[in-house]
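Visitor:
In UniProt numbering, the protein residues as written are 1 to 360.
1. Could you give the first and the last residue of the continuous beta strand (DSSP E) run that contains residue 176?
2. Look at the alpha carbon of residue 164 and the alpha carbon of residue 277, and state the distance between them as a whole number of angstroms.
3. Check whether the stretch 198–207 and the stretch 147–165 are in contact - that is, three or more C-beta pairs closer than 8 Å.
4. With DSSP collapsed to three states, give me the class of residue 244.
5. With distances taken Cα to Cα, identify the nearest neighbour of residue 297 among 242, 287, 8, 15.
6. Measuring straight from C-alpha to C-alpha, what distance separates residue 141 and residue 147?
7. Can you give me the Cβ contacts of residue 244 inside the same chain, cut-off strictly under 6 Å, excluding the 5 residues immediately before and after it?
8. So residue 167 and residue 103 are supposed to be a Cβ contact under 8 Å. How far apart are they, rounded?
9. By a C-beta neighbour count over all protein chains shown, 10 Å radius and 16 as the cutoff for buried, is residue 226 buried or exposed?
10. DSSP state of residue 16, grouped into three classes?
11. Checking 9 Å against the spacing of the C-beta atoms, do residue 31 and residue 60 come in under that value?
12. So, residue 114 versus residue 251, is the Cβ gap smaller than 9 Å?
13. Among the residues of its own chain, which have a CB less than 7 Å from the CB of residue 106, if the five just before and after it don't count?
14. Count the other CB atoms within 10 Å of the CB of residue 238; is the residue buried (16 or more) or exposed (fewer)?
15. What is the DSSP secondary structure of residue 290, counted as helix, strand or coil?
16. Please list, in chain order, all residues of the same chain as residue 357 whose beta carbon is under 7 Å from its beta carbon, the five residues on each side excluded.
17. With DSSP as the reference, identify every bridge partner of residue 189, one or two as the case may be.
18. For the alpha helix (DSSP H) holding residue 209, just list the boundary residues, first then last.
19. Mark residue 247 as exposed unless 16 or more other C-beta atoms lie within 10 angstroms of its C-beta, in which case mark it buried.
20. Helix, strand or coil: how does DSSP classify residue 326 here?
21. Please go through the same chain and pick out, in chain order, the residues whose beta-carbon is closer than 6 Å to the beta-carbon of residue 346, but skip the five residues on each side of it.
22. Considering just the uninterrupted stretch of the alpha helix (DSSP H) at residue 256, what are its terminal residues?
23. Quick check: the Cα distance between residue 206 and residue 232, rounded to an integer number of angstroms?
24. Looking only at its chain, what residues have a beta carbon closer than 7 Å to the beta carbon of residue 73, apart from the 5 residues adjacent to it on each side?
25. Going along the chain, which residues of its own chain have a beta-carbon closer than 8 Å to the beta-carbon of residue 360, five neighbours each way excluded?
26. What residue does the alpha helix (DSSP H) around residue 341 start on, and which one ends it?
27. Please report how far the alpha carbon of residue 45 lies from the alpha carbon of residue 15, in whole angstroms.
28. Does the separation of the CB atoms of residue 235 and residue 151 fall below 9 Å?
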């Protein structure tokens with residue numbers, strides 16, 4: 001028997017993930033908006049005929065709509081957003097949250113019957129209250145993972161080896177860099193906006209790891225704390241402070257060299273210099289003005305090598321092998337239709353093959 005309440009949650013979640021309003025789904029499915037509203041309120045069960053129509057309109061298999069969706073608040077309390085701007089429409093935010101949940105369902109499906117590789121270290125909860133400051137949490141995590149002094153060479157590889165699932169997706173807005181989630185009993189997941197520069201992507205990933213480790217529930221200072229965590233994790237004060245002491249606005253060539261060594265942006269190095277009292281507030285302001293004059297506030301000179309996530313690509317490859325390279329069957333296991341699956345997941349396999357070829 002179909003669970004009307006569960007179907008109602010999934011219809012609304014998938015609709016919102018597409019960025020649609022109820023009227024958009026009504027038009028696409030050739031039903032009334034009132035009918036959609038009653039479905040999403042759980043007031044009307046979806047018969048097989050209408051289930052097929054709604055699923056076709058949303059471009060998802062009916063099996064997805066019959067999957068139990070998140071019960072109010074349980075999933076969203078563990079979602080963390082890294083934004084360039086605090087201003088975002090409710091519709092955009094719900095679309096990103098819906099995409100995150102659907103991605104988790106797909107990756108969970110792709111993980112079925114695939115042997116996991118034991119890791120030397122795992123990401124764990126490290127509440128900030130037990131360490132006193134976000135920088136102390138970052139230092140403790142580096143120590144727990146036996147990281148040597150100096151820069152983190154391959155952050156994506158490090159996080160994936162710690163059980164963090166990472167996937168690049170178009171989040172539908174340049175205002176959002178990433179979103180992360182870690183429901184109880186499940187692996188942590190980070191969706192990162194496609195086409196970020198490598199230095200911004202690395203900082204964003206470290207920022208999200210800070211959330212995952214420190215913030216099981218939202219808090220007022222969580223963004224500041226996640227930034228502090230990211231700065232210390234990627235560029236520890238004990239290593240960086242001697243290099244930034246006495247920095248002046250004439251030393252952008254030095255910043256460019258440090259960027260390539262530490263694999264972080266010049267803007268982050270300037271922020272670290274201010275946070276560590278290596279430069280004064282007026283010097284920090286001068287640095288920011290100079291960055292703006294150079295047009296470097298969004299994209300800086302000096303290209304860092306991209307780091308390619310490999311875990312989810314490995315799951316896709318394993319499922320293709322299990323299913324005799326039947327993409328339709330693998331898409332069904334991911335609770336997706338074949339065409340969207342090809343568009344979003346098959347390029348991961350190509351990227352993995354390209355990365356492997358470069359390494360060899």
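For every residue, glycine included, the Cβ atom is placed at its ideal position computed from N, Cα and C.
Guide: Judging by the given coordinates:
1. Within the chain shown, the letter at position 176 stands for residue 176. Where residue 176 is concerned, the enclosing beta strand (DSSP E) stretches over 176–181.
2. For this step, residue 164 is matched to residue 164 along the chain shown. For this step, residue 277 is matched to residue 277 along the chain shown. Rounded to whole angstroms, residue 164 to residue 277 spans 33 Å at the Cα level.
3. yes
4. Numbered from its first residue, the chain shown carries residue 244 at position 244. Three-state DSSP puts residue 244 in a helix.
5. Counting from one through the chain shown, the residue named residue 297 turns up at place 297. Of the candidates 242, 287, 8, 15, the one whose C-alpha sits nearest the C-alpha of residue 297 is 287.
6. Translated into the one-based positions of the chain shown, residue 141 becomes position 141. Translated into the one-based positions of the chain shown, residue 147 becomes position 147. Answer to the nearest angstrom: the Cα atoms are 9 Å apart.
7. The sequence position of residue 244 within the chain shown is 244, counting from 1. Taking residue 244 as the centre and dropping the five residues before and after it, the same chain places the C-beta of 273, 278 closer than 6 Å to its C-beta, in chain order.
8. Reading the chain shown from its first residue, position 167 is the one you call residue 167. Reading the chain shown from its first residue, position 103 is the one you call residue 103. Confirmed, Cβ separation roughly 6 Å.
9. The count along the chain shown starts at 1 and reaches residue 226 at position 226. Residue 226 should be labelled buried.
10. Locating residue 16 in the chain shown gives position 16, where the first residue counts as 1. The answer is helix: DSSP assigns residue 16 an H, G or I state.
11. Reading the chain shown from its first residue, position 31 is the one you call residue 31. Reading the chain shown from its first residue, position 60 is the one you call residue 60. The answer is no: Cβ separation not under 9 Å.
12. The residue given as residue 114 occupies position 114 in the chain shown. The residue given as residue 251 occupies position 251 in the chain shown. Annotated as distal: residue 114 and residue 251, with beta-carbon spacing of 9 Å or more.
13. Translated into the one-based positions of the chain shown, residue 106 becomes position 106. Excluding residues within five positions, the ones whose Cβ falls inside 7 Å are 334, 335, 336.
14. Counting from one through the chain shown, the residue named residue 238 turns up at place 238. Exposed.
15. Residue mapping note: residue 290 aligns to position 290 of the chain shown, counting from 1. Correct three-state label for residue 290: helix.
16. Reading the chain shown from its first residue, position 357 is the one you call residue 357. Model confidence at residue 357 stands at a pLDDT of 42, short of 50, so the residue's coordinates are unreliable; what they give is reported in the following sentence. Closer than 7 Å at the Cβ level, and outside the excluded window around residue 357, lies no residue.
17. One-based indexing of the chain shown puts residue 189 at position 189. Looking at the DSSP assignment, residue 189 forms a beta bridge with 165, 181.
18. What you label residue 209 is simply residue 209 of the chain shown in a count that begins at 1. It spans 198–214 - the alpha helix (DSSP H) in which residue 209 sits, taken as one unbroken run.
19. In the chain shown, residue 247 corresponds to position 247, counting from 1. So residue 247 counts as buried.
20. As a first step, residue 326 is located in the chain shown; it is residue number 326 there, counting from the start. Note: residue 326 maps to coil in three-state DSSP.
21. Here residue 346 corresponds to residue number 346 of the chain shown, with the count starting at 1. Same-chain partners within the cutoff: there are none.
22. Walking along the chain shown from the start, residue 256 turns up at place 256. Start and end: 252–262.
23. Indexing the chain shown from 1 puts residue 206 at position 206. Indexing the chain shown from 1 puts residue 232 at position 232. The alpha-carbon atoms of residue 206 and residue 232 are separated by roughly 10 Å.
24. Along the chain shown, one-based indexing puts residue 73 at 73. Confidence at residue 73 is low in this model, with a pLDDT of 46, below 50, so the placement of that residue should be treated as unreliable; the coordinate-derived value is given next. Nothing meets the Cβ criterion.
25. Reading the chain shown from its first residue, position 360 is the one you call residue 360. The predicted model places residue 360 with a pLDDT of 38, which falls under 50 and marks its position as unreliable; any figure quoted below should be read in that light. So no residue of the chain qualifies.
26. As a position in the chain shown, residue 341 is number 341, starting the count at 1. Note, residue 341: alpha helix (DSSP H), 338–344.
27. The residue labelled residue 45 in the question sits at position 45 within the chain shown. The residue labelled residue 15 in the question sits at position 15 within the chain shown. Roughly 17 Å between the two C-alpha positions.
28. Residue numbering aside, residue 235 sits at position 235 when the chain shown is read from its first letter. Residue numbering aside, residue 151 sits at position 151 when the chain shown is read from its first letter. Yes, Cβ-Cβ distance for residue 235 and residue 151 is below 9 Å.
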